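A short write-up of the structure that comes next.
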Amino acid sequence: MYKYFIFTLLLCVTFNGSTVSAANKTASIGINTNEAMDLGTSIPFVDLFKLSLPFEEARPWLTKGRITYDANGWPKALNNGKAGTRFASHIPAKALPKGDYTVLYDGNGELQYGVSAKLISRSKGKDIIRLVPNEKDEISATISIVKSDPSDYLRNIKVLMPGGVCHRHVFKRVNNANECGGKQYLSFAKYHKELTFNPDYLTFMKDFKVLRFMNMSGITRNSMSSWNQRAKPENATWAGVEGVRGVPLEIMVELANVLKSDAWFTLPHKADNYFIHKYAQYVHKHLKPGLKAYVEYTNEAWNGIFPQAHYMKDKGQALRLDPNRDYAGYKFYSKRSVEIFKIWEKIYGSTDRLVRVMGGMTGNLRLTKMMLDYQDAYLHTDALAIAPYFYASQPDTRRLRSVDAVFKILEDPKNPYSIKNILSSVKNQAELSKRYGVDLVAYEGGQHLVAYKTHTMTEGPNPYLIEANRDPRMSRLYYQFLRGWKQAGGKLFIAFSAPRQYSWIGSWGIKEYITQPSHEAPKYQALMQFSKLNRCWWKGCSSYGPIVRHGKPIRVASQ
Numbered sequence: 109m110y111k112y113f114i115f116t117l118l119l120c121v122t123f124n125g126s127t128v129s130a131a132n133k134t135a136s137i138g139i140n141t142n143e144a145m146d147l148g149t150s151i152p153f154v155d156l157f158k159l160s161l162p163f164e165e166a167r168p169w170l171t172k173g174r175i176t177y178d179a180n181g182w183p184k185a186l187n188n189g190k191a192g193t194r195f196a197s198h199i200p201a202k203a204l205p206k207g208d209y210t211v212l213y214d215g216n217g218e219l220q221y222g223v224s225a226k227l228i229s230r231s232k233g234k235d236i237i238r239l240v241p242n243e244k245d246e247i248s249a250t251i252s253i254v255k256s257d258p259s260d261y262l263r264n265i266k267v268l269m270p271g272g273v274c275h276r277h278v279f280k281r282v283n284n285a286n287e288c289g290g291k292q293y294l295s296f297a298k299y300h301k302e303l304t305f306n307p308d309y310l311t312f313m314k315d316f317k318v319l320r321f322m323n324m325s326g327i328t329r330n331s332m333s334s335w336n337q338r339a340k341p342e343n344a345t346w347a348g349v350e351g352v353r354g355v356p357l358e359i360m361v362e363l364a365n366v367l368k369s370d371a372w373f374t375l376p377h378k379a380d381n382y383f384i385h386k387y388a389q390y391v392h393k394h395l396k397p398g399l400k401a402y403v404e405y406t407n408e409a410w411n412g413i414f415p416q417a418h419y420m421k422d423k424g425q426a427l428r429l430d431p432n433r434d435y436a437g438y439k440f441y442s443k444r445s446v447e448i449f450k451i452w453e454k455i456y457g458s459t460d461r462l463v464r465v466m467g468g469m470t471g472n473l474r475l476t477k478m479m480l481d482y483q484d485a486y487l488h489t490d491a492l493a494i495a496p497y498f499y500a501s502q503p504d505t506r507r508l509r510s511v512d513a514v515f516k517i518l519e520d521p522k523n524p525y526s527i528k529n530i531l532s533s534v535k536n537q538a539e540l541s542k543r544y545g546v547d548l549v550a551y552e553g554g555q556h557l558v559a560y561k562t563h564t565m566t567e568g569p570n571p572y573l574i575e576a577n578r579d580p581r582m583s584r585l586y587y588q589f590l591r592g593w594k595q596a597g598g599k600l601f602i603a604f605s606a607p608r609q610y611s612w613i614g615s616w617g618i619k620e621y622i623t624q625p626s627h628e629a630p631k632y633q634a635l636m637q638f639s640k641l642n643r644c645w646w647k648g649c650s651s652y653g654p655i656v657r658h659g660k661p662i663r664v665a666s667q
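Following the numbering used here, the numbering of the sequence shown begins with 109 at its first residue and continues without gaps.
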């Protein structure tokens with residue numbers, strides 16, 4: 109499998125060699141990737157099946173009976189039942205290429221399609237389907253294994269986009285060889301082993317300096333601890349519920365290499381040292397020379413809504429790091445982060461291509477000081493990462509009844525979470541970080557307009573929150589916010605997030621779907637304009653060489 113993957117990686121990079129500029133090396137903006145999900149509108153992969161639900165998650169409406177599975181999640185025996193899944197859920201039709209999709213599979217059996225997926229033709233190991241939008245111009249599509257020979261069971265299903273690319277032009281999808289002007293035509297149906305990524309996804313992602321893989325790696329609420337529990341390229345799907353889904357490390361490294369973007373890796377909170385060692389070893393060996401690896405231990409270790417926060421507290425208390433349970437958790441996070449950093453330092457042999465990241469909280473200076481002070485952790489830390497979001501309190505949010513009111517409260521100085529007040533916290537963090545000789549970066553950031561405890565798009569203030577994200581005024585606020593971030597002392601800003609649909613759980617995507625026109629996406633417009641007019645301004649940011657590090661004070665804690 110690894111020999112195959114390395115071949116794929118080398119071939120993909122060859123295809124991309126002349127199409128990726130170095131512009132993202134001087135960009136000041138990064139991007140958070142999204143989870144692999146059937147309802148995701150980033151559409152990162154040529155093979156849509158990698159975004160499908162695991163078969164067991166589609167029970168009882170598609171999967172029925174006593175199904176047994178192989179090690180990669182393929183049904184090896186139906187036992188008179190059937191195994192089904194959904195590979196697209198309410199996706200805007202404009203997000204997906206038009207045309208006929210090729211379904212390939214190994215083994216003997218029969219597939220059945222549902223909702224938007226319509227069978228066009230069938231041959232041995234290959235079906236042709238068409239995705240027909242519903243009256244809302246959305247696509248939902250299911251696929252079910254209704255017959256399968258246990259001695260040669262149906263497996264390795266792929267749902268491949270129509271068309272392909274021209275040789276060395278993988279950022280543009282074409283319909284056929286006639287559009288390649290004499291260059292070699294690489295159809296997705298034939299070259300899917302070499303062409304992992306949707307050209308539209310690559311086109312969107314190419315402008316960002318750093319790719320943060322926290323969501324894509326699937327670490328949220330994931331209790332994996334050992335290397336053999338990781339996501340693998342050969343898994344039937346990379347999607348599923350929290351704690352199950354996750355795109356393999358190999359694919360994330362491949363994406364960074366294709367785009368020539370620095371890669372931000374977030375490690376699972378329970379990962380043992382062998383896991384960390386193997387992970388660092390793979391990145392060191394396969395991430396292209398010149399690309400930097402940002403290393404972060406878990407995500408929001410302080411946030412009580414996540415199990416990692418409670419894990420930190422339990423471990424900290426067990427080690428008696430502090431009588432205060434919260435403080436014990438913060439100190440354990442600091443301690444474990446440094447342990448992880450040292451493993452990476454040993455694998456790399458230096459820190460020239462490493463950015464060691466400690467995750468903090470925008471308004472909590474005590475947390476920052478405690479993490480960086482503990483056992484002189486700042487000496488092994490290059491960046492403090494916070495998540496500067498502007499929004500309104502939940503009582504104020506629930507009272508909003510117009511789009512104008514949304515914008516008014518975001519700029520109201522009396523709102524503690526207004527742009528002005530959040531930037532004041534940023535400035536405080538930047539000044540404190542500087543004392544420790546670390547940079548201040550944003551691991552996430554932007555608007556945070558959510559009405560918690562609602563469950564529909566039309567409930568309470570949700571129509572106004574969603575519409576505000578589509579309003580041109582949001583572009584102005586984003587630009588104002590980013591300019592203030594720079595002036596306050598912030599450096600790299602990782603936006604949240606790559607395209608995803610707006611909903612009652614938040615309007616997080618900087619686009620609503622991967623092919624949305626820029627003029628319809630005000631947040632995206634502002635980010636691109638800011639990055640264009642404010643090329644990365646911090647020392648060494650555009651260099652292909654080693655990380656530029658600051659001098660460290662001898663004893664920060666005493667100051």
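Note that CB positions come from ideal geometry on N, CA and C, so glycine has one too. All values derive from a computational prediction rather than experimental measurement.
For a cutoff of 9 Å on Cβ pairs, would you count Ser136 as touching chain C? Looking at the structure shown, chain C is missing, and only one protein chain is on hand.
According to DSSP, simplified to helix, strand and coil, what is Ile175? Within the sequence shown, residue 175 is the residue found at index 67, counting from 1. In this structure, Ile175 counts as coil in the three-state DSSP scheme.
Assuming Tyr209 contacts Asn264 (C-beta within less than 8 Å), just tell me the rounded distance between them. Your numbering for residue 209 matches position 101 in the sequence shown. Your numbering for residue 264 matches position 156 in the sequence shown. Between Asn264 and Tyr209 the Cβ distance is about 16 Å, and since that is not below 8 Å, they are no contact.
Residue from Lys450, Arg444, Tyr438 with nearest C-alpha to Gly468: Within the sequence shown, residue 468 is the residue found at index 360, counting from 1. Measuring from the Cα of Gly468, the nearest candidate turns out to be Tyr438.
Name the residue from Ile494, Phe316, Thr406, Lys454 whose alpha carbon lies nearest to the alpha carbon of Gly471. Locating residue 471 in the sequence shown gives position 363, counting from the first residue. Per the Cα distances, Ile494.
Cβ contact check for the region 578–587 and the region 630–647: 3 or more pairs under 8 Å: yes
By a C-beta neighbour count over all protein chains shown, 10 Å radius and 16 as the cutoff for buried, is Ala249 buried or exposed? Counting from one through the sequence shown, the residue named residue 249 turns up at place 141. Per the 10 Å Cβ criterion, buried.
Kindly provide the ranges of any alpha helix (DSSP H) runs that are 4 or more residues long and lie completely inside the region 326–388, ordered along the chain. 357–367
Taking the runs of the alpha helix (DSSP H) that are 4 residues or longer, which of them lie wholly in the region 514–571? 527–544
So, are the CB atoms of Asp370 and Leu399 less than 9 Å apart? Looking up residue 370 in the sequence shown gives position 262. Looking up residue 399 in the sequence shown gives position 291. Cβ atoms of Asp370 and Leu399: closer than 9 Å.
Can you give me the Cβ contacts of Lys386 inside the same chain, cut-off strictly under 8 Å, excluding the 5 residues immediately before and after it? Position 278 of the sequence shown holds residue 386. The residues are Trp335.
Alpha-carbon spacing of Phe601 relative to Gly348, whole angstroms: Within the sequence shown, numbered from 1, the residue matching residue 601 stands at position 493. Within the sequence shown, numbered from 1, the residue matching residue 348 stands at position 240. Roughly 29 Å between the two C-alpha positions.
Could you give the DSSP three-state label for His300: helix, strand or coil? Counted from its first residue, the sequence shown places residue 300 at position 192. Coil, per DSSP.
The region 495–512 contacting the region 555–563, beta-carbon criterion three pairs below 8 Å: yes
If you compare alpha carbons, which of Asn432, His300, Val549 is closest to Val463? Along the sequence shown, read from residue 1 onward, the residue named residue 463 stands at position 355. Nearest of Asn432, His300, Val549 to Val463, Cα basis: Val549.
So what's Thr250 in DSSP terms, helix, strand or just coil? The residue you call residue 250 lines up with position 142 of the sequence shown. Thr250: strand per DSSP, three-state reduction.
Measure the C-alpha to C-alpha separation of Arg281 and Arg608 and round it to an integer number of angstroms. As a working mapping, residue 281 is identified with position 173 in the sequence shown. As a working mapping, residue 608 is identified with position 500 in the sequence shown. Going by the C-alpha atoms only, they are around 21 Å apart.
Output yes or no for whether 9 Å exceeds the beta carbon distance between Leu147 and Val267. As a first step, residue 147 must be located in the sequence shown, where it is residue number 39. As a first step, residue 267 must be located in the sequence shown, where it is residue number 159. Taking 9 Å as the Cβ cut-off, Leu147 and Val267 do not qualify as a contacting pair.
For Gly398, the first and last residue of its enclosing alpha helix (DSSP H): Stepping through the sequence shown from its first residue, residue 398 is reached at position 290. Neither: Gly398 is in no alpha helix (DSSP H) and is coded neither H nor E.
Decide yes or no for the touch test of the region 170–178 against the region 289–303: beta carbon pairs closer than 8 Å, at least 3 of them. no
By DSSP's criteria, Pro205 is part of a beta bridge. Which residues make up the other side? By one-based count along the sequence shown, residue 205 stands at place 97. None, per the DSSP bridge assignment.
Who are Pro183's beta bridge partners in DSSP? Mapped onto the sequence shown, residue 183 falls at position 75. Tyr177.
When the Cα atoms are used, what is the spatial distance from Phe163 to Ser501? Counted from its first residue, the sequence shown places residue 163 at position 55. Counted from its first residue, the sequence shown places residue 501 at position 393. Their Cα atoms are separated by approximately 40 Å.
To the nearest angstrom, how far is it from the Cα of Glu165 to the Cα of Ser229? The residue labelled residue 165 in the question sits at position 57 within the sequence shown. The residue labelled residue 229 in the question sits at position 121 within the sequence shown. Glu165 and Ser229: Cα-Cα distance of roughly 28 Å.
DSSP state of Leu262 mapped onto helix, strand, coil: Along the sequence shown, read from residue 1 onward, the residue named residue 262 stands at position 154. Looking at Leu262 - three-state DSSP - the assignment turns out to be coil, as it is neither helix nor strand.
CA-to-CA distance, Ile613 to Glu620, given in whole angstroms: Position 512 of the sequence shown, counting from 1, holds the residue named residue 620. Position 505 of the sequence shown, counting from 1, holds the residue named residue 613. Roughly 14 Å separates the two Cα atoms.
By DSSP, does Met269 sit in helix, in strand, or in coil? Counting from 1 along the sequence shown, the entry for residue 269 is found at position 161. Three-state result, Met269: coil.
From Ala513 to Gly592, what distance separates their C-alpha atoms? If you number the sequence shown from 1, residue 513 lands on position 405. If you number the sequence shown from 1, residue 592 lands on position 484. Rounded to the nearest angstrom, the two C-alpha atoms are 22 Å apart.
So, with DSSP's three-state summary, where would you put Ile655? Within the sequence shown, numbered from 1, the residue matching residue 655 stands at position 547. Three-state DSSP puts Ile655 in coil, outside helix and strand.
Contact between the region 477–485 and the region 450–457 (3+ Cβ pairs under 8 Å): no
How many angstroms separate the CA atom of His275 from the CA atom of Glu350? Working through the sequence shown from its first residue, we reach residue 275 at position 167. Working through the sequence shown from its first residue, we reach residue 350 at position 242. Approximately 37 Å, taken between the alpha carbons.
Just mark Thr141 as buried or exposed, buried being the case when its beta carbon has 16 or more other beta carbons within 10 Å. Taking the first residue of the sequence shown as position 1, residue 141 is located at position 33. So Thr141 ends up on the buried side.
In chain order, what residues of the same chain lie with their CB nearer than 6 Å to the CB of Ser99, ignoring the 5 residues before and after it? Since the displayed the chain opens at 109 and closes at 667, residue 99 lies outside it and no answer follows.
His418 classed as buried or exposed, judged by whether at least 16 other C-beta atoms fall within 10 angstroms: Looking up residue 418 in the sequence shown gives position 310. Exposed.
Any idea what DSSP makes of Met478, helix, strand or coil? Residue 478 sits at position 370 when you count from the first residue of the sequence shown. Residue state, collapsed to three classes: helix.
With Lys280 as the anchor, note down where its alpha helix (DSSP H) starts and where it stops. The residue given as residue 280 occupies position 172 in the sequence shown. Per DSSP, Lys280 belongs to no alpha helix (DSSP H); it is in the beta strand (DSSP E), 277–282.
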